Structure formats: structure tokens, C-alpha cells
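J.: Residue numbers (full-length UniProt numbering): 1 to 1158.
Mind looking over this structure? Questions follow.
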Amino acid sequence: MGKDRGSKVLCFFENPCNGSKLICFKQFAESDTLIFIFENGDVVAALLHEEAGDDFSLEIVGLLDTKLKAAEWSPDEEILVLITYTSKMILLSRSFEPILELQLDAMDADEVAVSNVSVGWGKKETQFQGRGFKALEREREALKYAGLDLQETSELRDPTVRAEEKGDHSRWDDGEVYIAWRDDCNVFAVSLKRDENSEKGRRLIRFFSRDGNLEAVSEAVDGLQVPLCWKSQGNLLTALRDLLVDGTSKHSQIIFFERNGLRHGEFLILNEKIIDISWSCDGGILAILYHDRAQFWTTKNYHWYLKQEIKADEEELFTSVRFHPEKAFTVILTLMLHLIKVLTFASVICDGPSVKGLDEGIVNVIDGSKIKLTALAIANIPPPMAIDPTDGAVRFEHELPSKAVKMKPTVDSRAALVELYDGSLLAFDAQGELDGIKNFSQLCLQMEGINFESQDGSALVAFGLSESGKLFCGNRLLANGVTSIKLTDQFLCITTAQSKLVFVHLENLLTADLSYITQGDLDDERTRDIERGSMLVTAIPSKYSVVLQALRGNLETVFPRIMVLQAVRTFIKNKCYLEAFKACRTHRIDLDILHDLDPTAFEKNVAHFINEIKKVEYLDLFVSCLHEGDVTESKYSDTLKLEEKRNDVNTNHPNQGQLDGKKVNKICDIILQEVSRDVYSDSYLQVQITALACQRPPQDKAALELVSGIADTTAQDNALTHLCYLREALKLYDEALGIYDVDLALKVAQKSQMDPKEYLPFLQTLYDASLARRNFLIDDHLKLHEKALSWLFQLADETFEEFETYMISHNLYRTALRLTKHIELARNLILKHFANHLANTRDFAEAARLFEFLDESQMALDNFIKAKLWKEALSIAKKIKNIEDYQAVAQTLAIELEDDRNYADAATIHLDFLDNKAHAVKLYCKAFDFDTALLTARISSSESMENTFIEEVKESFGIMSELLADCNGQLNSQLKRLREIRKKREVDPVNFYGSNGFVMDAPDDVSVAPSDASTTQSFFTRYTGKTGETARTGESRRTLKNKKREERKRAKGRKGTVYEEEYLIRSVGRLIERLDSSINDAEKLVNTLLRRSMWEEAHQIWRLWNTVTEFLEQNINEIHDVASSDRERIDENGQIYLAPEIPIPVIRHFPRFQALDF
């Protein structure tokens, strides 16, 4: 039979043995073969010849010498199980080769049953016999002492433990054998009587492995009957039984067995003979077939619900039921009159309105003939109430153009939607008038609709979800991979196959980009993760919640961020600050949104805000949770009105840069100003303290002054306790001392964890001291030494020495000078101490000037000499020294300057003050001041001096030539090495950066897979010594010592390390800097060489310099060409960043000499 309801005969033949019943039929699609197994043991194969039309060939492929009671192929079509009339089980392969023959008797069943139940250890007295057994034992002891002793043979059983059954015979047991294979083909079950010779023998179920090994036997069950069926995608075997009471059948049950043969639940069904049972492909629906009806059951939370019952016509009877192998909601029923019914169901949740004002979250659940409902807005529990169906009055009737498959009211209950078989959607209003016609592109098993109010007016919006997971709005495809939908007056709620709960704004549905529904990579208010397989039950906008049901049946109420934020925004817009605050507080929304959503409105309505909130603890919570930044621009951005909100920022919101560092203080000041008004009296004194303590920086001093001004002792103590909660008590103790309030400091100390031995002696000293002395002790204790010195200055008339000592010990010379600027004697004394301090700290120039100001000439001379200020030193020496001492000072200065390579100044001293012209000529040449040196030599009219000059020029030429030769050689060698390094890195980066830790020739039994304990380093992690995983814990592993060691490695740039390339580049930069510092000296040297007719030497310097310069210009870009991948580093947080590029230095050209440039 095909999808077009047509039928075709594949083959036909006469029964090889008249009267023999067909017990098994199987079609092998891949080989176009039909296998028929008859009760007499004949196995007939029919080979279809589709190429030759309707032709087929028959062959008897097997003939058993015994009659068969049952036969069943495994789902993979590889094994055939046969049960004979002699209780022999035969396993055949697909080619009908024998695999196993096994006689089924009572002995093997008893052995397996005993081995399965016995635990093999412990005494019977210590084994668990039910939680009520001990109570019954105590009851027996009590009756014994009361004189009502029970006999030992009387039954003592825990009523909470199921009574042991004997396996009594079912009235409907016809003795048939039934075989059931599990979906994975690893286990099959056989149901037959334990003793075939007895008509009343116990029926049991044997569990066999794929190769025929008997693994378990079912426990004894009264009234057990056939058929059997394994639950799809599960490990439970479904069977039937009659529930016997006093040997009489009263009820029927569906029972479940585990693979070990033990019971695993049951539920009651109709007390009628059952023809067949079947599971859907996903294991979600159980079909039970009677002669006249078919029932479909589902389970949630271990409760079984009768969801549908299909009755046969009066003259027809059902014969079998099977589910579609791929479609869980499609079932196939066969009837005796050669009819087949194919039914497709849909799992639909029937809930009440989901718009504000009507959203009580009422959800209906069908359970047989009852409707169970729960108002989930009140209690998140499965439906506890049952309502018997009642006849309702007919509101209206309307003739439909074709067959209707679904009817559902809109979420606002203003219209009814009817979906026809062709996907057409009709909408009827409350009066029964046809309000609109829409079309879905496919038949949708779930649909939602609403009359949406927009700027263009009211319009019916309908959404449909097809069986394949396609979401439609009318005939427009919105998304794929959708599992369930719910609609509110603002959002379309969606669950996706990626286990996401997604929200779509209805307001911009037609223009929005909805690709985020299935992408799963969006991270804003419109999406959130849910448990895998969860489905939407209902939405409750007034509670900002949706209810989900997991696969196992439990209900979960979640409060999506988008629904909560939308409600908060509405509350703030309507200035309902209390409702907005409670919503934020309940759902952990940042309270800054109360201000950030509309700062201007908040500032204008701060009095209304305070009067609405009222509670001091609420206002405290709001103020204490404030932080910088605009939360509406970061984590709470409105996904519906992003563009509009940007415009609002320009008009109503301060610039983000202006808000930073100012918002918290601004809000605190506004609230502080409002609650400080007389109209509030002292009601919000605690809020004032909070507003002061939460500013940045905290206004601890102002808060303490506010607390200090409270007259009521109890109120002051409470306020101080609150302040100590907000701020660290030790800091408040210091602040209390800072305002010189000793009483308040004592109260703060008592609320801290300080030892009284630490603060009581000090505070007692303060009580006993005078005002100035007390203030000095306080500021000294707080290390406010400048203020302490000012208080000590007020006591200077009594103890100036103490003032002087305190100044020296804390280096408060400038403060002391400011205090004593009008007292000359004291000022000069302080200046002398200051000069000595500067001399001790090696600030000789400043010390010398102070000593000269104080007319301490010798001290001034000594410090000028140490500072190498030779002009100032010689001027003072001229004043206080004779000619011999003056010459000694000049000689000392010349030596010091020459040691510091200050050859020019040293030459001046030798020429002008020591009359040593020959040495002056040498020093001028060392300073490359050749013109002055030549002038000095010729003024002296000394040939020896000119010879000295020429020798020094030649020596300078040698030094400069050697410098340029070294630079040229260094540049060539370093460029060559850089090219070698980069080529090696390009050819073999693994060996260049180091081994990745894998041993390629490791034995087979040694794992070389990377793990958390040994993570493969990437190429650049050699720079940091850690990977992305270990970098996150690097703060504890990579100590300061390791960092310094790495910096030393980078500075050394040892050959063969990853630091070598960076070292070579920086080395070239240092060489260029050295050339820049020497270019002026080289120019002077070339000029002098030309003047002295040393043209070859001058040309050599000029040529070498230009050679080095040209080499640098040609290769400087190549030297600094470092790929971005080679600059990758990992910071302490495990984030990859690029190290700064080494800038390319500017190359200066040697001045042009026309006499040499040819």
C-alpha cells in the first residue's frame, strides 16, 4: 500500500500445507525477498522480479520436522528465533544456518531465577525487608507483653513492600508463545508457560542475549499474559497481567520488567482482553489495542495519562497496531475487514490566556475522561484538580470549507483560530463572524495567534509550528529547528533544537533580522540556555515568567531577563519606582537601571522616588549598589529600540565619558540633598550616612561629623554601627582621630576588632594632654607629620628643640621654613640643617647655594667641587684661598672633569688657570674641538704643541675609523644571522620554537594525547612559558623572580633562543643611536683632516660613513620586518595580545663635502 492509498499484490501462492497457520512474515527490502514461516515448519521465500513486472519466484528454503509455535526476526534481520511445540528454541542465521538449539524447561528457569535474586552474602535477619518491618516487630513485642502473643507462624509483613506472588494463571491466557526483540538487537524476550504440560502452569518471561544465552527470568507475576513489547530507546519490557483478587480477575495492568527480570512499575487499564501493544519510535507513546478500541498513553513524573481513544465501527474490529519507524506521532491500525488506518497525532498544550490581566497560567491536562488543571501563576505543581467533562452551551455554528484539524483561541481570548487540513487558517470573533483568513505554507500542529495593536492599527498575527520544526508567520518562514512556541502580548517565545529559549519582539517582527533564532551565538536579553529537550508550557507576563517542562516531566518556572527588563522599563516609564525596585531586587537586576534608564526624569522626580520607596533599607540598598557606567548601554541594552535609544542618549543621557567617575557621586549628592530637608526630620539619617560612605572617594569625615552631631545616644550608636558596617572600622577610627574627636574615636574602636590594650592607653594620653599637644599626638599617630609639625610649632616657645628634632627626623624642612619664614634666627638654623641634609643626600649643588647664602664659604666650596660646578667653585676659592690653595682647587677640578670625560671644561681650566697649554691642546683634541686646540698651539708658537696636535688628530682618526669598521662588520653579521633565523623559522617552526612535547616513537601502551596535565604549547607560548590554560593561574606560578629571569634572558638575547631576533633588532637600533651621537665629532674630524692636508684620511672617514649609511637605508626595513604572529604573547589572564612593534629609527646622512664627493 502506497501513500496514494493504492494497493499492489506482490506475490500469491497456495499454502504448502492445508490448515497450517502463517506465524511470521518478513520483507527483506534490499534483496526484494519475502519470507513466510508456517506453523508446520515450512519456510517459503518469494523473490520479486521488479524488472520483469509483477513476476515472482517461490522457493521452500527450509522444512523443520516439528511444528512451530512462534517465530520472530531480529530488527537487523540477521537472526531468526523459532519456538517449537516441544519448547525448543532454535536460532538461525539469515541464510538459515543453525546457530543454537536450546531446550526450554523449568530447571534452567529456576537456576537462573535463584542466581539473579540471591546476593550471595549476609544473613536473612540483616537483609532489608521493608521500612515497616521493624515497626511490625515492635508491635508484635508490645502485643506479647500485653498478653496477646502472636504465633510465630503468623504472617509478619511490611505493607509498604509488595506481597510475593505465585504466578497464577490468567483467564485470557491462550497458551501462545510470544517473542520480542529489543531495538538494539542485543536482547530478546520469550514469554511462555513454565510447564507446557499443565494448563494452569505459571507463565514466565525468559531474557536471552543475542547469541542465545539465558540471562534472566521474570519474577512470579499473577495473571501474566501476552503480548510483549520493548520500550523504544529504553531498557524496559512491557507486558500485561490480570490483577487477581481471591482468584478472580478484577483489573488489568500494564507492567514493566527490567532486563534482570525484576518488576519496574505498572498502571491500571481496562479489564478487557488486549490484542496488541506497541511503542512509538521515541518511547513517548504506548498504544494498547483492544478488539473495539485503541488507547494511547503517555507518562510524566511517573504518572500515566490516557491521551486518546480511537473506537472501531460497530462491524469492524482491530487486529494490530504499529507506530511509524521514524514519526513518533504517526500510528498504523489494521482492521479485520482488510482496512488500514493511518493516524497522525500532535502533542498540544492547552493553556489559558497569556496577556497581562488574564494570565493566571491555567494549563489543562487530559487524563482519560478527566481534565486536570493548575493555575501555574499561583503554584508550580502538576495539575492536582480533576474536573469531570460537562456539556456546554453552543455559542455559534459555522460551516467550514474543508476538514478542520485544530482549533485554538488567541492568547487574548478575543478570537478563535481554526486550521484546516490544507493549512488555511480561519479566525472567528466572539460573535462567530469570520474575522480573517490566512494561510500557512505547511500544516502546523502548533499555532498561536493574537490581535496585535501597533501604530498601524489592530491586526491578527498568527504563528504556526510544523511537525518538522519550521516556524511560520502566515506563509512567511521565520526559522527552522524550533521545538515549541508560546505567544504573549509583547513577545513570541521559542524553544530551539539548540536548547535555547529565544524571544522575538512582536513590534518589529516584520523588519527584524531573525537569523539569531537558530544561530545560537547571540548573547543578549533575547536568549538563554535551557535544559535539553525542555518545552514551553505557558507564559505569564504579569509574573515575568515562562513555564517549561523537561523530558522527564518536571516543571520549571524561569524568569527570562527580557521579560523582567521589559516590565522594569515600563514601571520606570510610568514612575512606579517601588514596583521597579522590587522587580530588580527579586530578580537580581542591577539597581542602577532605576537611574540610568532616564537620568533626567530621575533627577526631577527624586522626591517622588524617595516617597515611593519609603523604606530606609530599600534606599540604603539602592545607594550602596551604585557603580559607574550606564547599565542601559552595556548589559541591559534594549534590543527593541537600539536606534531610538542612541538618539535618546544624545538628548537625555550624559555622555558615557562624562558619566564615568561622576555618576555615583552625583546620585549620592542628589539623594543626600533631598533627605537632608527638614520635612523628613531624622527619618533618613541612615540613608544620609550611606550616601556619604558610598561616594568615591568615601566621605568618611563628613559621615563621622554627621554621626557626631546626633544628640540621641541610641540613634548615634545605631548610626555608628551602620557606618562601621559600610566602611572598615580601623579606617573610621583613624578618621575620627583626624577630626580630633576622641570620644567618637573611642566608640568606633569599641565596635572594631581592636584589642583595648592597643587603643585605651593612647586615648587616655590624649585625654590628659592639652589641646595643641593632643592634636600633635593625633596627627603624629596618623603619620600626618606636616600637620603635627605645625601643632608642635605652637609649642615651640616651650620646646623648640623638640620642634627641631621632629623636623630632622621626618625631613620636614620646607614645612618648617614656611612656618618660620618671618623668624630670621630660626629660619637660618633650619636652612643650615636643610643644607646638611641636601649634602648628605648628594644634592651638592643645592647644598652649596644654601651654604653660600649662610656665608659658610668653606662648606659651599666643598659642595661646589663635589657638584663639579668649577666656575662657582673657583669664584669662591678666589675669595677665601691663597694662590697655592687656589691652584690646588683648580687642579682638583680639572682632574674630576677629565675623569668624567668633560674634556672641554678640563682643557679650559688647564689653559686659563693652570697655564698648562700642552695638556689643554690634548684635552681639546679629545673633545674633538680641533679648532680651539690648533689656535692654542699656534698662539703659544711652540712646535712641540703643533706636533702634539697632529698626533692627537691621527689618534682621533684611528678611533673613528675603528668605530665605522666595527659598525659595518656588526651590521653585516647581524643581518646575516637575522636571515638565517627567519629562514629556519619558516622551514621548521616546531624545532625553531622548541619541541611540542610529543614523543613520536613512543610505545603503543604509552598515551601521548594532550591533557590538562600536559598541554601542547603553541608556537608563541615559548615567550611566556605557559599555555592558554595555565596562563589563567599564572599569577601564583609565575612569580616576580621568574619575571626578572625572563627579562634577563630577553636582554641577553642568547643565540638559539626565541629572544635572539628581538635582541638583534634592538642591537641595530643601538648602533644607529651611537652613529647619531658621533656624527658631529666625525664632521669636525673631517674638517680638521682637510685643513691639515690629510685628504686620504678625510676621504676614508667620509666613504666609510656613507657606506654604513647606505647599507642601513637598504636593509633597515628588512631588519624590522617582524610578522604579527611572531609578536603574539599571552598575558596573565590567558589572553593573546601583540607585543609592540620596534619602531624603525631615522637614519641621519653625513654632511656633504664637495671636495670629497667625486
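Don't be surprised by glycine CBs; every beta carbon is placed ideally from N, CA and C.
Since we're looking at a predicted model, the values are computed, not measured.
Which residue marks the beginning of the beta strand (DSSP E) containing Glu72, and which one marks its end?
T.: To locate residue 72, count along the sequence shown from 1; it is residue 72. Here the beta strand (DSSP E) through Glu72 covers Leu68 to Trp73.
J.: By a C-beta neighbour count over all protein chains shown, 10 Å radius and 16 as the cutoff for buried, is Val987 buried or exposed?
T.: The residue labelled residue 987 in the question sits at position 987 within the sequence shown. Flag for Val987 reads exposed.
J.: Could you work out which residue in Glu1128, Ile288, Arg528 and Asn480 is closest to Ile255 when comparing CA atoms only?
T.: To locate residue 255, count along the sequence shown from 1; it is residue 255. When only C-alpha atoms are compared, the closest one is Ile288.
J.: Check for me: the beta strand (DSSP E) holding Asp367 runs from which residue to which?
T.: To locate residue 367, count along the sequence shown from 1; it is residue 367. Unbroken beta strand (DSSP E) run through Asp367: Ile362 to Asp367.
J.: Taking the alpha carbon of Asp596 as the reference point, which residue from Val664, Asn574 and Leu555 has its own alpha carbon closest?
T.: Within the sequence shown, residue 596 is the residue found at index 596, counting from 1. The residue with the shortest Cα to Cα distance from Asp596 is Val664.
J.: Return the first residue and the last residue of the beta strand (DSSP E) that Ile778 is part of.
T.: As a position in the sequence shown, residue 778 is number 778, starting the count at 1. That residue, Ile778, is in no beta strand (DSSP E); its alpha helix (DSSP H) goes Leu771 to His781.
J.: Determine the contact status of Val564 and Lys486, defining contact as a CB-CB distance below 8 Å.
T.: Sequence index remark: in the sequence shown, residue 564 carries index 564 (1-based). Sequence index remark: in the sequence shown, residue 486 carries index 486 (1-based). No, the pair does not count as a contact, with Cβ atoms beyond the cut-off.
J.: Looking only at its chain, what residues have a beta carbon closer than 7 Å to the beta carbon of Thr820, apart from the 5 residues adjacent to it on each side?
T.: Residue 820 sits at position 820 when you count from the first residue of the sequence shown. Closer than 7 Å at the Cβ level, and outside the excluded window around Thr820, lie Ala826, Arg827 and Ile830.
J.: Leaving out five residues on either side along the sequence, give the residues of the same chain with a beta carbon under 7 Å from the beta carbon of His919.
T.: One-based indexing of the sequence shown puts residue 919 at position 919. Cβ within range, chain order: His910.
J.: How far does the beta strand (DSSP E) with Gln549 in it extend, from its first residue to its last?
T.: Residue mapping note: residue 549 aligns to position 549 of the sequence shown, counting from 1. Residues Ser545 to Gln549.
J.: Distance check for Ala715 and Ser624, CA to CA, integer angstroms please.
T.: Along the sequence shown, read from residue 1 onward, the residue named residue 624 stands at position 624. Along the sequence shown, read from residue 1 onward, the residue named residue 715 stands at position 715. C-alpha separation (whole angstroms): 21 Å.
J.: Here's the rule: buried if 16 or more other CB atoms are within 10 angstroms of the residue's CB, otherwise exposed. What is Asn1117?
T.: Taking the sequence shown and counting its residues from 1, one reaches residue 1117 at position 1117. So Asn1117 ends up on the exposed side.
J.: Using the Cβ count rule (16 or more neighbours within 10 Å means buried), how would you classify Leu771?
T.: Against the sequence shown, residue 771 aligns to sequence position 771. The residue is exposed, with fewer than 16 neighbouring Cβ atoms inside 10 Å.
J.: Are the CB atoms of Ile517 and Ile494 within a distance shorter than 8 Å?
T.: In the sequence shown, counting from the first residue as 1, residue 494 sits at position 494. In the sequence shown, counting from the first residue as 1, residue 517 sits at position 517. Contact: yes.
J.: Rounded to whole angstroms, how far is the Cβ of Leu376 from the Cβ of Val363, which I believe are closer than 8 Å?
T.: To locate residue 376, count along the sequence shown from 1; it is residue 376. To locate residue 363, count along the sequence shown from 1; it is residue 363. With 8 Å as the limit, Leu376 and Val363 qualify as a contact, their Cβ atoms being about 6 Å apart.
J.: Could you compute how far the alpha carbon of Asp682 sits from the alpha carbon of Ala607?
T.: Walking along the sequence shown from the start, residue 682 turns up at place 682. Walking along the sequence shown from the start, residue 607 turns up at place 607. Those two C-alpha atoms are separated by around 16 Å.
J.: If you draw a straight line from the alpha carbon of Gln699 to that of Glu579, how long is it in whole angstroms?
T.: Your numbering for residue 699 matches position 699 in the sequence shown. Your numbering for residue 579 matches position 579 in the sequence shown. Their Cα atoms are separated by approximately 31 Å.
J.: Taking DSSP as the reference, what is the three-state secondary structure of Asn554?
T.: Here residue 554 refers to the residue found at position 554 when the sequence shown is read from its first residue. In the structure shown, Asn554 sits in coil (DSSP, three-state: anything other than H, G, I, E or B).
J.: Using 8 Å as the threshold, is the stretch 802-810 in touch with the stretch 778-791, meaning 3 or more CB pairs across them?
T.: Judged by Cβ distances under 8 Å, the stretch 802-810 makes contact with the stretch 778-791, as three or more pairs qualify.
J.: If you draw a straight line from the alpha carbon of Thr721 to that of Phe622, how long is it in whole angstroms?
T.: What you label residue 721 is simply residue 721 of the sequence shown in a count that begins at 1. What you label residue 622 is simply residue 622 of the sequence shown in a count that begins at 1. Cα to Cα, the separation comes out at about 19 Å.
J.: Going by beta carbon distance, what residues of the same chain come within less than 7 Å of Val742, once the five residues before and after it are set aside?
T.: Here residue 742 is taken as the residue at index 742 of the sequence shown, counted from 1. Around Val742: Leu763, Leu766 and Tyr767.
J.: Pick from Arg901, Ser20 and Phe949: whose alpha carbon is nearest that of Lys922?
T.: Working through the sequence shown from its first residue, we reach residue 922 at position 922. Nearest C-alpha to Lys922: Phe949.
J.: The alpha helix (DSSP H) that contains Tyr903, what's its start and end?
T.: Position 903 of the sequence shown, counted from the first residue, corresponds to residue 903. That run of the alpha helix (DSSP H) goes Tyr903 to Asp912.
J.: Return yes when the C-beta of Gln446 is under 7 Å from any heavy atom of the ligand FMN, and no when it is not.
T.: The model on display carries no ligand, and the ligand FMN is accordingly not part of it.
J.: So, is Arg182 buried or exposed, given that buried needs 16 or more other C-beta atoms within 10 angstroms?
T.: The residue given as residue 182 occupies position 182 in the sequence shown. Label assigned to Arg182: buried.
J.: Whole angstroms is fine: what's the gap from Glu72's alpha carbon to Asp168's?
T.: Counting from 1 along the sequence shown, the entry for residue 72 is found at position 72. Counting from 1 along the sequence shown, the entry for residue 168 is found at position 168. Distance between the alpha carbons of Glu72 and Asp168 is about 27 Å.
J.: CB-CB under 6 Å to Asn968, same chain, minus the five flanking residues each way: which ones, in chain order?
T.: Taking the first residue of the sequence shown as position 1, residue 968 is located at position 968. Val1108, listed in sequence order.
J.: CA-CA distance, Thr298 and Trp304?
T.: Stepping through the sequence shown from its first residue, residue 298 is reached at position 298. Stepping through the sequence shown from its first residue, residue 304 is reached at position 304. Roughly 6 Å separates the two Cα atoms.
J.: For the beta strand (DSSP E) holding Cys229, just list the boundary residues, first then last.
T.: Translated into positions along the sequence shown, residue 229 becomes position 229. Element bounds for Cys229: Leu224 to Trp230.
J.: Please report how far the alpha carbon of Asp900 lies from the alpha carbon of Glu628, in whole angstroms.
T.: Position 900 of the sequence shown, counted from the start, is the residue given in the question as residue 900. Position 628 of the sequence shown, counted from the start, is the residue given in the question as residue 628. When rounded, the distance between both Cα atoms is 55 Å.
J.: Express the C-alpha separation of Leu224 and Leu243 in angstroms, rounding to a whole number.
T.: Indexing the sequence shown from 1 puts residue 243 at position 243. Indexing the sequence shown from 1 puts residue 224 at position 224. The straight-line gap from Cα to Cα measures roughly 9 Å.
J.: So the candidates are Glu603, Glu433 and Ser402; which of them puts its Cα closest to the Cα of Arg414?
T.: Along the sequence shown, one-based indexing puts residue 414 at 414. Of the candidates Glu603, Glu433 and Ser402, the one whose C-alpha sits nearest the C-alpha of Arg414 is Glu433.
J.: Looking at Asp686: is its Cβ nearer than 8 Å to the Cβ of Cys668?
T.: Position 686 of the sequence shown, counted from the start, is the residue given in the question as residue 686. Position 668 of the sequence shown, counted from the start, is the residue given in the question as residue 668. One point to set straight first is that residue 686 is Gln, not Asp, in the sequence displayed. Not closer than 8 Å, so no.
J.: Here's the rule: buried if 16 or more other CB atoms are within 10 angstroms of the residue's CB, otherwise exposed. What is Ile876?
T.: What you label residue 876 is simply residue 876 of the sequence shown in a count that begins at 1. Result: buried.
J.: Let me know the secondary structure DSSP gives His627 once reduced to three states.
T.: By 1-based counting over the sequence shown, the position of residue 627 is 627. His627: coil per DSSP, three-state reduction.
J.: Near Gly738, which residues of its chain fall below 7 Å by C-beta distance, leaving aside the five closest residues on each side in sequence?
T.: What you label residue 738 is simply residue 738 of the sequence shown in a count that begins at 1. Only Lys701 and Leu782 meet the Cβ criterion.
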